[in-house]
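In the working numbering, the protein residues as written are 229 to 513.
Idealized CB from N, CA, C, for every residue including glycine.
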Amino acid sequence: MRLNHLLFSLLFLVFASETAKAQTSTTTSSATTSNKNIFSSNNISASFTFGGRSDFKEVSSDEKEYNSEYELALALKLNAENSVSFYIPFEKELSGAYEARVSSDAKLSHTRSDLFQYKNMNVSFKSSVIYPTSETSKVQNEMVAGLEFGPTLSFDLNKYLTGLSFTYIPRYKRVFNKYTVDRSGDQLTNQSVLQFFVANYNFTERFSFQSAFIYVNSWRYDGAQNYDSYLTVQELSATLTDKVSVSFGVETSASLVNEERGESKSVQIFDKNFSEVYGKASVVF
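Next up, the structure:
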């Protein structure tokens with residue numbers, strides 16, 4: 229595992245180095261500003277999100293699950309078009325072992341904004357290096373690293389309805405594992421194509437509603453395609469201050485095929501067997 233620890237350390241050192249530059253650049257002589265990117269404290273931001281989620285099973289059920297969740301994000305604006313960000317989520321299981329763990333993998337990302345504009349469409353591009361921090365990736369799947377990249381197409385629909393926008397995000401994800409099977413001997417997934425369809429409506433200055441549909445195609449190392457899956461999200465958000473916001477929502481995720489019977493299934497916005505309710509608050513520093 230030395231390789232992936234070294235890779236992540238180098239990436240984090242790059243991010244830390246750029247952050248240090250941003251903090252010290254205010255001492256740079258103004259005579260050099262025409263030739264260099266000068267950073268200020270406004271170019272560095274951080275956010276901390278905390279909340280919880282639960283499924284819809286009966287409280288008395290042994291299968292009932294609920295967790296507390298935490299997310300840390302750091303961002304550094306390099307210039308008007310380029311930024312670097314680091315993201316890592318955590319969770320604590322509250323219905324059984326009360327185990328605290330990293331819930332999914334950390335990402336170090338670069339975003340190139342305003343890559344292309346045409347009428348009400350704006351295109352940006354995001355690429356990420358994924359480092360295995362979750363127990364599943366590190367231990368069960370023995371993941372080394374991953375890559376994810378793709379454009380973001382944003383559409384301003386204000387001319388149709390004030391406050392309305394739509395975003396389409398296709399992403400290609402490739403992970404690299406030490407072996408092609410996990411510790412249980414099951415074939416691992418190494419390639420995925422994710423498509424995000426997101427409609428957002430700001431119906432007041434501080435309140436908004438977001439509806440998202442995410443469709444996932446994935447393939448294993450042996451070339452076989454997994455069953456297609458999806459995630460739907462319905463979320464209501466409120467901006468309390470310039471730095472604090474809260475949101476509440478329902479997520480539903482499932483395969484589009486009944487794995488036991490091989491029958492096709494339809495997309496469900498709510499299903500008590502697969503849906504979860506969540507709430508969270510975000511603070512920007």
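One Cα belongs to serine 420, the other to valine 444, and the distance between them is close to 7 Å. A straight-line Cα-Cα distance of about 8 Å links arginine 329 and glutamate 363. Threonine 460 has Phe441, Thr480 as its beta-bridge partners, per DSSP. Of all C-beta pairs linking the segment 363-372 to the segment 342-351, fewer than three are shorter than 8 Å, placing the two stretches out of contact. By the CB criterion at 8 Å, arginine 340 and glutamate 376 fall outside the cutoff. Within the segment 379-448, the complete beta strand (DSSP E) segments at least 3 residues long are 392-405, 417-430, 435-448, listed from N- to C-terminus. At the C-beta level, leucine 343 and serine 352 come within 8 Å of one another.
In this structure, the CA atom of threonine 417 is about 30 Å from the CA atom of serine 311. Taking a C-beta distance under 8 Å as the contact criterion, asparagine 271 and leucine 304 qualify as a contact pair.
Secondary structure of valine 367 (DSSP, three-state): helix. Counting along the chain, the unbroken beta strand (DSSP E) around glutamine 345 starts and ends at 334-346.
Per DSSP, the beta bridge partners of proline 317 are Glu299. Contact annotation: alanine 482 and tyrosine 506 have beta-carbon atoms that are not nearer than 8 Å.
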